[in-house]
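All remarks here apply to the structure that follows.
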Amino acid sequence: MILKQNSNRLFFRIAGLGWTIFLGMLWTTLGCDRAPSADQKQEVVPKVTTVGVVQEETTDFDEYTGRTEASEAVEIRARVFGYLRTIDFHDGDFIKEGQTLFTIEPDEYDAIHQQSLSKIALWESKLEVAKANLARRKTLLPKGTITREEYEEYVAAEREAAAAVVTAKADANRTAVDLKYTTVKAPISGRIDRALVTKGALLTGGVSSGTLLTKIVKEQPMYVYFDVDERSLLRYMRQRDQSRDSAPGSLRKLGIDCFVQLADEKDFSHKGKLDFAESEVTSTTGTARLRGEFPNKERTMASGLFVRVRVPASKPYKALLIPERALATDQDIKFVYVVGGDGIAARRNVALGNQRGDMRIITSGLEAGEQVIIKGLQRVRPGQKVDAEAEVAKIAAAAPASSPPDARPARKPASAKQER
40 MILKQNSNRL
50 FFRIAGLGWT
60 IFLGMLWTTL
70 GCDRAPSADQ
80 KQEVVPKVTT
90 VGVVQEETTD
100 FDEYTGRTEA
110 SEAVEIRARV
120 FGYLRTIDFH
130 DGDFIKEGQT
140 LFTIEPDEYD
150 AIHQQSLSKI
160 ALWESKLEVA
170 KANLARRKTL
180 LPKGTITREE
190 YEEYVAAERE
200 AAAAVVTAKA
210 DANRTAVDLK
220 YTTVKAPISG
230 RIDRALVTKG
240 ALLTGGVSSG
250 TLLTKIVKEQ
260 PMYVYFDVDE
270 RSLLRYMRQR
280 DQSRDSAPGS
290 LRKLGIDCFV
300 QLADEKDFSH
310 KGKLDFAESE
320 VTSTTGTARL
330 RGEFPNKERT
340 MASGLFVRVR
350 VPASKPYKAL
360 LIPERALATD
370 QDIKFVYVVG
380 GDGIAARRNV
390 ALGNQRGDMR
400 IITSGLEAGE
410 QVIIKGLQRV
420 RPGQKVDAEA
430 EVAKIAAAAP
440 ASSPPDARPA
450 RKPASAKQER
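The numbers in our numbering rise by one with no breaks, and the one at position 250 of the sequence shown is 289.
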């Protein structure tokens, strides 16, 4: 019994020692497998794409919303009573000044005018008779053949006939005007609205109460009205040549360019000039209304359109630009990664200016020609060596001073953790 118990104890001791040796060998083996090799100890170099910081001449712009308005607009109304005989245009036509638009029945007005002309002839004949009678009586007065009272009656008759001639001519002029108004002509050139009456309709005449026939708007040039704050207005008014000793004039004399973007357009392709500013700034809003004048030779702008307006806010200057996607954000700090000649990535905090399409103006923090990372930002850490591949920056969106930049919405800078 005692021998059996000792045998069991010896067995468990030998078995325990074997398991201990086995686990030690297994641990040693696993440890050897996990030991890094010489190649594995080398740091992985991330691949990135860079572009150079470009320097281009650009101009800052202020942007506003505005409405187009025809430079001239006229309501065509009937000046005389009568039935409408003809309509001599098609709805929506472009018509020229002096072109016939409507004809009102002229028969009655022509007859009245002819009657006025006959009255002129009648009174001119009576005037000739009165002058002849006065001349004869004038020779008889010194001889005492007629009295002074009789002579004065002939003088009055001659004057009455002369006044009647003037009255008849004035009445003929009035009837001629009425006859002329039976033919309604375009007072200006422009686009005509539809005819608001039909042939055969009875028209009411009058200067202000006449029947409205149609409307004409002149679209060349086209005006654009928009509101600006008082600081912007002062800045525009001071954009005169300071080298000349001259007082500030109207905006038209300053020749300030402005640009318009229509609702279906992506750029500001319409160029005009600021030509008017209201004489007073509205005290309740602190704004003033400005007007831009645009040639509109192709008639691409119609009256009443909603538009975006850009006005130069600075003179042309040299600006540093980088792609918008090169920017990263650390809370409220904007930064980029710059790759030096040794291939080391360095973080650089930057100050941002205005956006130019897909490009962003950098006011401080970078220099022209430096390489900034635009792709692979997620894998980069400050002071890390990178495998950089250079790419040519597309700066078409950075407009020169002579033309406006694209109107594209600003993008929100991505965080440093976002994949580029």
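Each residue gets a CB set at the ideal place from its N, CA and C atoms; glycine is no exception.
| Item | Value |
| --- | --- |
| Entirely enclosed beta strand (DSSP E) segments - the region 192-277, minimum 3 residues | 222-224, 229-231, 251-268 |
| G343 vs R106 beta-carbon contact at 8 Å | yes |
| Cβ separation of V425 and V378, assumed to be a contact under 8 Å, to the nearest whole Å | 6 Å |
| Three or more C-beta pairs below 8 Å linking the region 190-205 and the region 156-170 | yes |
| CA nearest to the CA of D235, picked from T125, E136, I159 | Reading off the sequence shown, one finds Leu at residue 235, where the question assumed Asp. Of T125, E136, I159, the residue nearest in Cα terms is T125. |
| T186 CB to nearest heavy atom of the ligand MN below 7 Å | Among the components of this structure there are no ligands whatsoever, and the ligand MN is therefore not found. |
| 8 Å Cβ cutoff met for T88 and I413 | yes |
| Backbone secondary structure at Q154 - three-state DSSP | helix |
| Proximity below 8 Å, CB of G331 to CB of K312 | yes |
| At least three beta-carbon pairs within less than 8 Å, the region 92-108 to the region 340-354 | yes |
| Buried or exposed by the 16-neighbour rule on C-beta atoms within 10 Å, applied to K257 | buried |
| Environment of D314 [buried if 16+ CB atoms lie within 10 Å] | buried |
| Which of helix, strand or coil DSSP assigns to L301 | coil |
| Own chain residues within Cβ distance below 8 Å of L166, not counting five before or after | E197, A200, A201, A203, V204 |
| Inter-stretch contact at 8 Å, needing at least 3 Cβ pairs: the region 134-143 / the region 356-376 | no |
| Through-space distance from E406 to A437, alpha-carbon basis | Caution is warranted here: a pLDDT of 41 is assigned to A437, below 50, making its placement in the model unreliable, and the coordinate value is therefore given only provisionally. Rounded to whole angstroms, A437 to E406 spans 17 Å at the Cα level. |
| Terminal residues of the beta strand (DSSP E) in which L290 lies | That residue, L290, is in no beta strand (DSSP E); its alpha helix (DSSP H) goes 290-293. |
| Collapsed DSSP secondary structure at K177 in the structure displayed | helix |
| Own chain, CB closer than 7 Å to S155, minus 5 neighbours either side, in chain order | A207, D210, A211, T214 |
| CB of L242 within 8 Å of CB of H152, strictly | no |
| Contacting residues, own chain, Cβ-Cβ under 8 Å from I143 (five flanking each side not counted) | A117, V119, G121, Y122, L123, R124, Y220, T221, T222, V223, L242 |
| Residue of V113, V348, V346 minimising C-alpha distance to P226 | V113 |
| Collapsed DSSP secondary structure at D101 in the structure displayed | strand |
| Boundaries of the beta strand (DSSP E) in which P421 is found, first to last residue | No beta strand (DSSP E) holds P421; DSSP gives it neither H nor E. |
| Under 8 Å between C-beta atoms of K373 and V348 | no |
| In DSSP terms, what A327 is bridged to | V267 |
| Three-state class that DSSP yields for I39 in the structure shown | Residue 39 is absent from the model: the chain starts at 40 and stops at 459. |
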